[in-house]
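Participant: Quick note: the sequence shown uses this note's numbering, first residue 2, plus one each step. Take a look at this one; I'll ask things after.
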Amino acid sequence: MKRLLFTLLTLSLVGTTFADEGMWLPSLIAGRIDDMRSKGFRLTAEDIYSVNKASMKDAVVLFNGGCTGEIVSPEGLLLTNHHCGYGAIQSHSSVEHDYLTHGFWARSRAEELPNEKLYVRILVRMEEVTDRIASGEQPEALIRAAEAEGTGYKASIEQMYYGNQQFLFVYEQFDDVRLVGAPPSSIGKFGGDTDNWIWPRHTGDFSVFRIYADRNNRPAAYSPDNVPYRPKRHFVISVKGIREGDFTMIYGFPGNTQEYILSDAVDYVVNRADPDKIAIRTGRLDLIAAAQASDPALRIHYAAKHANIANAWKKWQGEQLGLSRTRSVETKRQCERDFQLWADRHPEYAGLLSAMKAEYARMLQPYYAYEITRETLGTLPTAYSNEERSDELFERCRPTEQALFRHAFASYAAYCPEPYRIPEFLDGVAAAGSTEAYADQVFDGLWQRTDTTAIVRLDKAKKRMLNHITWLLGTTSLRNPTSKRLNELYAHYIKGLREWDTVRAFYPDANLTLRVAYGTVSGYEYADGEYHTPQTTLDGIIAKDNPEIYDYDIPQALRDLYASKDYGRWGISVDGRRTVPVCLLATNHTTGGNSGSPVLNGRGELVGINFDRTWRSTMSDIAFDPAICRNIAVDIRYVLFVIERIGGAGYLLDEMTLR
Ligand code: ARG
Ligand code: GLU
């Protein structure tokens with residue numbers, strides 16, 4: 002009886018997978034299909050993933066190695082996010098043709114713009130090869146054999162559960178991907194950094210591309226002779242919309258999660274790394290923002306830099322807030338104590354946790370030094386290019402650049418732990434008299450090009466120190482240890498966790514392989530008594546519209562449409578007012594890499610394009626809290642509305658299948 006009670010207790014503490022948590026492997030989705038169907042999914046596991054017939058996986062692409070996209074026509078038309086296509090859009094932009102500002106719409110196939118180095122991958126198949134590798138087959142040989150199966154085939158072997166299982170992934174890679182259309186940034190990036198990671202949201206974060214293939218529909222390098230790719234499958238688009246409580250599924254390539262890390266690592270993230278990295282970035286952002294506010298040309302000059310720094314800066318704040326709020330460190334510690342009670346009776350696991358904790362104790366300080374060095378000295382330029390120098394803005398950047406040097410040097414001196422400080426840095430400070438004087442000296446030499454030995458010397462010394470720490474640790478990532486020792490321990494730990502807890506539904510951490518996440522359209526209680534509903538509309542855009550503020554200055558065409566209420570088939574009625582749907586909130590478990598992922602309804606029809614999470618819910622990389630964890634998508638009806646009514650590119654809708 003006592004034993005039973007104990008088991009029940011531990012089970013309730015650890016719990017099963019909470020509703021909507023999880024990023025599932027498509028080839029194993031049959032194991033989840035009953036749960037999916039109970040939540041409103043109407044199709045079968047074979048519809049999601051099949052090697053024998055066309056399935057949804059044939060319409061999902063890994064977009065340029067870091068985002069997701071979906072095929073929406075029999076002629077290879079592809080949707081992804083504006084922020085995923087940003088580089089391509091920017092590369093075609095000039096002062097005369099400023100596609101970032103004004104948008105771009107190819108009026109014919111001939112006007113679709115090729116992009117050097119832009120590629121997409123479609124999954125041909127995935128296959129567990131754990132046993133084959135265990136019985137002596139060489140991973141490289143498996144990869145080579147798979148790549149020989151077809152033109153443009155790329156293969157890789159990916160570890161699941163820290164190597165407890167290995168999967169072979171075989172992709173078809175297409176290198177001729179052309180830009181078809183993009184909304185103006187005032188729609189595609191509406192709200193900018195201010196609204197980034199925030200709900201309610203009103204960003205039309207989409208762009209349109211097309212995959213091209215050779216005349217035999219095979220992958221080929223760019224050629225004017227290439228023709229639109231004919232996919233095995235494209236997504237049907239639902240224009241009926243979706244409402245709170247409806248099933249949603251996300252099919253895409255989440256990059257990186259750490260759901261099984263020990264409390265020691267979570268504690269480090271929440272109480273040490275996140276706060277210090279945030280503080281250092283706050284200083285950098287303040288300096289850049291001040292420059293931007295003082296000079297409109299500098300606002301543009303520093304825009305991308307600011308956005309980059311701010312994206313993770315804001316994410317970390319949300320992560321820290323979310324993890325502390327739910328006391329994740331405590332919960333993990335309790336779970337470890339319970340696991341230990343079980344492990345004490347299973348000799349194979351008895352010493353495991355203490356071995357892992359000892360390894361963390363060894364690693365934490367040097368790893369912290371590694372992170373701090375990269376966040377400070379690692380952010381500094383070691384040269385300014387001739388192009389930058391010839392820009393008339395160059396001199397106007399000087400005070401800001403110098404201030405960034407001072408800030409990086411001061412932060413490094415303040416945060417980097419003693420034994421890992423770069424000796425050359427300490428020498429430099431001593432010789433110059435102060436950290437600030439040393440920063441000025443290094444900066445002046447670099448800026449004037451009178452004496453670049455100081456920056457070169459510092460940079461070399463920095464690299465040496467980082468290499469030293471890497472050697473010491475055997476890893477450069479505490480969250481995803483590649484250190485042989487820690488990785489082996491984790492592999493063993495996960496095995497133990499799965500033997501100990503037979504109720505929890507385990508899923509492997511995200512690793513940029515194709516996954517299915519499912520949940521429902523859902524608002525949430527943002528604060529006491531403040532419920533956020535899961536759909537935003539054009540009225541919210543108009544409420545934020547402000548020609549004085551760059552990020553909220555919408556195109557005149559959108560204002561005109563709002564005034565005339567001429568929404569055509571895209572108009573909906575909300576509480577009696579006529580408007581257009583814009584963004585959606587749902588409970589799907591996503592992370593970086595899921596940008597651009599198709600959001601599908603219970604019939605597998607496209608209802609939105611995923612592009613963000615709420616900042617406090619980014620904690621789901623480590624621990625999923627169903628109360629607040631939400632993903633943000635742009636409603637597909639807004640995408641179509643913008644293409645047709647703002648872009649005047651309604652002809653693109655003709656090749657889609659709308660339902
Ligand atoms: N937060 C989103 C992601 O992590 C969007 C980032 C791009 N948008 C921006 N305003 N910086 O990728
Ligand atoms: N904006 C993120 C992207 O790249 C997705 C947001 C998230 O779920 O973390 O990939």
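Where a beta carbon is used, it is the ideal one built from N, C-alpha and C, also for glycine.
At a cut-off of 8 Å, is G23 close to ligand 2 when judged by its beta-carbon and the heavy atoms of the ligand?
Facilitator: no
Participant: Would you call Y350 buried or exposed, if buried means 16 or more other Cβ atoms sit within 10 Å of its Cβ?
Facilitator: buried
Participant: Take A60 and list the residues in its own chain whose beta-carbon comes closer than 7 Å to its own, dropping the five residues that flank it on each side.
Facilitator: E71, I72, P232, R234, H235 and F236
Participant: Cα-Cα, which of C85, W317 and L586 is closest to Y527?
Facilitator: L586
Participant: Identify whether M466 lies in helix, strand or coil by the three-state DSSP scheme.
Facilitator: Here M466 sits in helix by DSSP.
Participant: Quick one: Cα of P1 to Cα of H203, how far?
Facilitator: Any property of residue 1 remains undetermined from this structure, which presents the chain solely from 2 to 660.
Participant: Buried or exposed for H347, going by 16 or more other Cβ atoms inside 10 Å?
Facilitator: By the 16-neighbour rule on beta-carbons within 10 angstroms, H347 is exposed.
Participant: For R4, does the three-state DSSP call read helix, strand or coil?
Facilitator: With a pLDDT of 44 at R4, under the threshold of 50, the modelled position of this residue cannot be trusted, and the question is left open.
Participant: Which residue comes first and which comes last in the beta strand (DSSP E) that contains Y519?
Facilitator: R516 to T521
Participant: Do you know how far the Cα of T152 is from the Cα of D567?
Facilitator: 48 Å
Participant: Count the CB pairs spanning the segment 63-82 and the segment 249-261 that are closer than 8 Å, and state whether there are at least three.
Facilitator: yes
Participant: Go through the residues and name those whose CB comes closer than 7 Å to any heavy atom of ligand 1, in chain order.
Facilitator: H84, K190, G193, D194, N197, W198, A308, A311, N312, K316, G593, S596, F612 and D613
Participant: In the DSSP assignment, what are the bridge partners of Y154?
Facilitator: E173
Participant: State the start and end residues of the unbroken beta strand (DSSP E) segment that holds Y213.
Facilitator: S208 to A214
Participant: Closer than 6 Å by C-beta to L659: which residues in its own chain qualify, once you throw out the five before and the five after it? Chain order, please.
Facilitator: I238 and V240
Participant: Which of helix, strand or coil does DSSP assign to H533?
Facilitator: Three-state result, H533: strand.
Participant: Is T204 near ligand 2, going by C-beta to nearest heavy atom under 8 Å?
Facilitator: For T204, the Cβ stays outside the 8 Å cut-off from all heavy atoms of ligand 2.
Participant: Answer yes or no: do A634 and G593 have a C-beta to C-beta separation smaller than 9 Å?
Facilitator: For A634 and G593, no; Cβs fall outside 9 Å.
Participant: Do the segment 276-291 and the segment 350-360 make contact, defined as three or more Cβ pairs closer than 8 Å?
Facilitator: Output reads no: the segment 350-360 does not touch the segment 276-291.
Participant: Among residues of its own chain, excluding the 5 on either side of S264, which ones have a beta-carbon nearer than 7 Å to its beta-carbon?
Facilitator: Within the same chain, S264 has close Cβ partners V330, K333, R334 and E337.
Participant: Just mark H307 as buried or exposed, buried being the case when its beta carbon has 16 or more other beta carbons within 10 Å.
Facilitator: buried
Participant: At a threshold of 8 Å, does N632 count as lining ligand 2 (C-beta to nearest heavy atom)?
Facilitator: yes
Participant: How long is the line joining the alpha carbons of R219 and L114, rounded to whole angstroms?
Facilitator: 20 Å
Participant: Which of the three DSSP states is assigned to W106 in this structure?
Facilitator: strand
Participant: Check the Cβ-Cβ distances between Q557 and every residue of chain B, and say whether any is below 9 Å.
Facilitator: In the displayed structure, chain B is absent; only one protein chain is listed.
Participant: Under the assumption that A404 contacts L288 (Cβ atoms under 8 Å), give the Cβ distance between them as a whole number of angstroms.
Facilitator: 5 Å
Participant: Cutting at 7 Å between CB atoms, please list the residues of its own chain near L5, excluding the five before and the five after it.
Facilitator: In this predicted model, L5 has a pLDDT of only 44, less than 50, meaning its place in the structure is not dependable enough to derive any value.
Participant: Where does R234 sit, in a helix, a strand or coil, going by DSSP?
Facilitator: Here DSSP, grouped into helix, strand and coil, assigns R234 to coil.
Participant: Note the first and the last residue of the continuous alpha helix (DSSP H) segment covering D613.
Facilitator: Counting along the chain, D613 falls outside any alpha helix (DSSP H), though it belongs to the beta strand (DSSP E) covering L607 to R614.
Participant: Closest by CA to R708, which one among L474, P424, D576 and D529?
Facilitator: In the structure displayed, the chain extends from 2 to 660; residue 708 sits before or after that span and is not available.
Participant: Of the choices E393, L378 and L143, whose alpha-carbon is the least far from that of F298?
Facilitator: It should be noted that the sequence gives Ala, not Phe, for residue 298. If we check each option's Cα against that of A298, E393 comes out closest.
Participant: In the segment 237-323, which residue ranges form an unbroken alpha helix (DSSP H) of at least 4 residues, counting only runs that do not cross its ends?
Facilitator: The qualifying runs are 264-269, 275-295 and 297-302.
Participant: Would you report the Cα separation of A149 and E76, rounded to the nearest angstrom?
Facilitator: 26 Å
Participant: Cutting at 7 Å between CB atoms, please list the residues of its own chain near Y120, excluding the five before and the five after it.
Facilitator: N65, Q174, F175, D176 and V178
Participant: Compute the distance between the beta-carbons of T380 and R244, then report whether it is under 9 Å.
Facilitator: no
Participant: Skipping 5 residues on each side, what residues in its chain have a beta carbon closer than 8 Å to that of D670?
Facilitator: The first residue shown for the chain is 2 and the last is 660, placing residue 670 beyond what the model contains.
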